[in-house]
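Down below is the structure, laid out as C-alpha cells.
Protein chains: 2
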Amino acid sequence: MTKKLSILVSNDDGIFSDGLASLVNALTPIADVTVVAPDSQQSAVGHAITVHRPLRVREVKKDGRFFGYAVDGTPADCVKLAIRNLMKVKPDLVISGINHGSNTAISVIYSGTVSAATEGTILGIPSIAMSLTTFEPNADFSFAAKFARTMAERVITNGLPNGTVLNVNVPAVPESEIRGVVITRQGKSVWNDEFEARRDPGNKQYFWLKGELVELDEEEDIDQRAILNNKVSVTPIQFDLTDYPMLDRLRSWDLTV
Amino acid sequence: MTKKLSILVSNDDGIFSDGLASLVNALTPIADVTVVAPDSQQSAVGHAITVHRPLRVREVKKDGRFFGYAVDGTPADCVKLAIRNLMKVKPDLVISGINHGSNTAISVIYSGTVSAATEGTILGIPSIAMSLTTFEPNADFSFAAKFARTMAERVITNGLPNGTVLNVNVPAVPESEIRGVVITRQGKSVWNDEFEARRDPGNKQYFWLKGELVELDEEEDIDQRAILNNKVSVTPIQFDLTDYPMLDRLRSWDLTV
Numbered sequence: 000m001t002k003k004l005s006i007l008v009s010n011d012d013g014i015f016s017d018g019l020a021s022l023v024n025a026l027t028p029i030a031d032v033t034v035v036a037p038d039s040q041q042s043a044v045g046h047a048i049t050v051h052r053p054l055r056v057r058e059v060k061k062d063g064r065f066f067g068y069a070v071d072g073t074p075a076d077c078v079k080l081a082i083r084n085l086m087k088v089k090p091d092l093v094i095s096g097i098n099h100g101s102n103t104a105i106s107v108i109y110s111g112t113v114s115a116a117t118e119g120t121i122l123g124i125p126s127i128a129m130s131l132t133t134f135e136p137n138a139d140f141s142f143a144a145k146f147a148r149t150m151a152e153r154v155i156t157n158g159l160p161n162g163t164v165l166n167v168n169v170p171a172v173p174e175s176e177i178r179g180v181v182i183t184r185q186g187k188s189v190w191n192d193e194f195e196a197r198r199d200p201g202n203k204q205y206f207w208l209k210g211e212l213v214e215l216d217e218e219e220d221i222d223q224r225a226i227l228n229n230k231v232s233v234t235p236i237q238f239d240l241t242d243y244p245m246l247d248r249l250r251s252w253d254l255t256v
Numbered sequence: 000m001t002k003k004l005s006i007l008v009s010n011d012d013g014i015f016s017d018g019l020a021s022l023v024n025a026l027t028p029i030a031d032v033t034v035v036a037p038d039s040q041q042s043a044v045g046h047a048i049t050v051h052r053p054l055r056v057r058e059v060k061k062d063g064r065f066f067g068y069a070v071d072g073t074p075a076d077c078v079k080l081a082i083r084n085l086m087k088v089k090p091d092l093v094i095s096g097i098n099h100g101s102n103t104a105i106s107v108i109y110s111g112t113v114s115a116a117t118e119g120t121i122l123g124i125p126s127i128a129m130s131l132t133t134f135e136p137n138a139d140f141s142f143a144a145k146f147a148r149t150m151a152e153r154v155i156t157n158g159l160p161n162g163t164v165l166n167v168n169v170p171a172v173p174e175s176e177i178r179g180v181v182i183t184r185q186g187k188s189v190w191n192d193e194f195e196a197r198r199d200p201g202n203k204q205y206f207w208l209k210g211e212l213v214e215l216d217e218e219e220d221i222d223q224r225a226i227l228n229n230k231v232s233v234t235p236i237q238f239d240l241t242d243y244p245m246l247d248r249l250r251s252w253d254l255t256v
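Residue numbers (numbering that gives the first Met the number 0), protein chains in the order written: chain A, 0 to 256; chain B, 0 to 256.
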C-alpha cells in the first residue's frame, strides 16, 4: 500500500470560507489534509508576513470534529507556521484557495491566495493557487474543487521544478460550459481603480478603493483571456523579478560614485 | 527656466522615520517633494492593498510646517491614493524609502518599500525603491540619500521602460568605503526562518518569527553579494511573474476536463 499524500491547505478568505471547505472535501479522498488558514478575510494582502507582533493559533472544529488551525496572520504566515512548526512532517503539496474571485494579470501580485502558494514553494513544497473567477456570494465551487484534485494528482505525477508555482483560475460557469484547460501567461490587464471620497457620520473624510480590471490583452494564451473564453487558466509563475533585458541598458548609465 | 521636478516619496517604515526624512532632505533642492506615507511601521507587508475598509488621511507637520500626508494603510495604498486623489498632477518620479534594512534576494517579494515603488510603476510613473542594508538603530542615511538624488537624476535623464522598477540597496558603511555601483540580478538567498514558541503572562502560547537570510549566491552580479562587497546594488525588477520555460513543459501534461 502506498503512503497517503499529505496536503496543506490554506487560503486568504479565512478558515470559514466556502471555497476552502469545498477544496478540503475534494482532497480528503486522496490525502491527509491539514488546514492552516487565516482567522479572518485577508484578500489583497500580497506577500505580507507578520514580523512586528506574535501570532496566535486556535484549533477550529466543524460539526464537532477538529477541522484545522486558525491563525491571526496572513496567508504567508499560515503556510510558514504550518510547515515550520505545526506539521510534524513536511506536506507533499500546498494548495491555496479556492479563492472567491479571480487572481489574474496584475492582481497576481496583490493576491493573498497566490502568496500562500508562493510561501510553500519558497519552503521547497510544490504548490498550487486555486481561484474561482467570481465575486457572486453563492458561487458554486464544485467544479473548481474537482479540478483542484486533478491538479494535485498531476503535480504529484509530473513534479514541479523548485521555484515554480501553478496559478489556476477556474471560470465561474457550470461544468458543462467549461471549454477546456489552457496553459497561460500572466496578462497585462490593470485596475482602473480610484478612491471614492466620502464623509463619515461626524463629517470627517475617508477614502474607499473601488475599480475594475481593464482588459488589455487579446492573445488567447493570457490568463484573463482564457477565463473570458470559459477555459480553465493554468499559469506557471516564479519569483525572480529581475528585469533581464534591462541589465545591459542600465550598465550603460553613468552611476559612478 | 525648466519646470521643477515633482517627486512623490513614500516608504514602509512610516512617515516619521529617519530614512524618509533623509530622502526628503536630499531631494528638496532638485524637486517639489510630496510625502504620502503610512502612519505606522509597515515592514514586510508585501504588495498589500486595503480593500475591506476605508483609508484615513492626516496632514502631518514638522517644525511647524506642513510635511506630508499620513495614511492608515500600506505603502501601496499610499502611492495609489497619492497619485489617484491627493496630487493634482501626476509626479515625474516615485521614490520609496530609504528603508531601514536591506531588500535583496527573496526579501524583495515581502518588501513594503519595493511595493510602493511597484505601485508607482503600475500607475505609469518611473519608480525607485531605496534601502540601506542595516537594522542598526542609529544608521546613517546620508550617503544613501545622496545616491537617491543621483538615481533620481539618472532616471529623469535616461528614462525607464514601462513596468521596470529600480531596486537600490546601499551598503551601510561610510561613503569612503563604498567600492562603486553594480547592476545586479535578484539573488536566490532565502530566510532560514522559524517561529519561536513562547508563553504569555497568562501561560497561553504564541509564536514569533525570527531568522536570517542564508547566503546562497556566489556570483558578483547578485544583489546580496554586491552589498557584502561594499558596492551599491541596482537591480531592475518587473512584474510579469510568468515562468516562461515552464509553459511548454506544462503543455505536455494531460489536463483534459
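Note that CB positions come from ideal geometry on N, CA and C, so glycine has one too.
Backbone secondary structure at residue i - three-state DSSP
i, result
"S16(B)", "coil"
"Q223(A)", "helix"
"A262(A)", "The requested residue 262(A) is not part of the displayed model; chain A covers only 0 to 256."
"L26(A)", "helix"
"A69(B)", "strand"
"N84(A)", "helix"
"A196(B)", "strand"
"K3(A)", "coil"
"L92(A)", "strand"
"V256(A)", "coil"
"S101(A)", "coil"
"D31(A)", "strand"
"L54(B)", "strand"
"V44(B)", "coil"
"I155(B)", "helix"
"S188(B)", "coil"
"A36(B)", "strand"
"V78(B)", "helix"
"V107(A)", "helix"
Expected contact under 8 Å - CB spacing of residue i and residue j to nearest Å
i, j, result
"K145(B)", "R178(B)", "With 8 Å as the limit, K145(B) and R178(B) do not qualify as a contact, their Cβ atoms being about 16 Å apart."
"I182(A)", "L240(B)", "15 Å between Cβ atoms; not a contact."
"P125(B)", "S95(B)", "Wrong, their Cβ atoms sit about 12 Å apart, outside the cutoff."
"N168(B)", "S232(B)", "4 Å"
"L212(A)", "S188(A)", "5 Å"
"S16(B)", "V35(B)", "That pair is no contact at about 14 Å."
"W190(B)", "G158(B)", "About 35 Å separates the two Cβ atoms, so there is no contact after all."
"L92(A)", "D76(A)", "With 8 Å as the limit, L92(A) and D76(A) do not qualify as a contact, their Cβ atoms being about 19 Å apart."
"S141(B)", "T112(B)", "That belief does not hold up - the Cβ atoms of S141(B) and T112(B) are roughly 18 Å apart, past 8 Å."
"A128(B)", "A116(B)", "4 Å"
"K21(A)", "I97(A)", "Lys is not the amino acid found at residue 21(A); the sequence shown has Ser there. S21(A) to I97(A), Cβ: 6 Å. Contact."
"A171(B)", "E135(B)", "7 Å"
"V107(A)", "I236(A)", "7 Å"
"F206(A)", "L80(B)", "6 Å"
Boundaries of the alpha helix (DSSP H) in which residue i is found, first to last residue
i, result
"E118(B)", "G111 to I121"
"L165(A)", "No alpha helix (DSSP H) holds L165(A); the beta strand (DSSP E) holding it covers V164 to V169."
"L246(A)", "Y243 to R250"
Span of the beta strand (DSSP E), counted from its first residue to its last, around residue i
i, result
"K208(B)", "Reading off the sequence shown, one finds Leu at residue 208(B), where the question assumed Lys. Start and end: Q204 to K209."
"L131(A)", "S126 to L131"
"P235(B)", "V231 to I236"
"V181(A)", "V180 to I182"
beta-carbon residue i near the ligand MN non-hydrogen atom, thresh 8 Å
i, result
"A30(A)", "As far as ligands go, the structure on display features none, and thus does not contain the ligand MN."
Q: Mind checking the stretch 230-254 of chain A against chain B and listing, in chain order, the residues whose C-beta falls within less than 9 Å of any C-beta there?
A: V231, V233, T234, P235, I236, Q237, F238, D239, L240, T241, D242, Y243, P244, M245, L246, D247, R248, L249, R250, S251, W252, D253 and L254
Q. Just by C-beta distance, which residues in the stretch 105-120 of chain B are closer than 8 Å to chain A?
A. I105, V107, I108, Y109, S114 and T117
Q: Please name the residues in the stretch 16-50 of chain A whose beta-carbon is closer than 8 Å to at least one beta-carbon of chain B, in chain order.
A: Q40, S42, A43, V44, G45, H46, A47, I48, T49 and V50
Q | Residues in the stretch 169-191 of chain A having any Cβ partner in chain B nearer than 7 Å | A | I177, G179, V180, I182, R184, Q185 and V189
Q) Can you list, in chain order, the residues of the stretch 65-78 of chain B whose Cβ is nearer than 7 Å to any Cβ on chain A? A) none
Q | Within 7 Å of chain B by C-beta, residues of the stretch 208-221 of chain A in sequence order | A | L208
Q) What residues from the stretch 87-105 of chain B come within 9 Å of chain A, judged by C-beta to C-beta, listed N to C? A) I105
Q | Near-chain A residues of the stretch 118-148 of chain B - C-beta to any C-beta below 7 Å | A | I121 and F146
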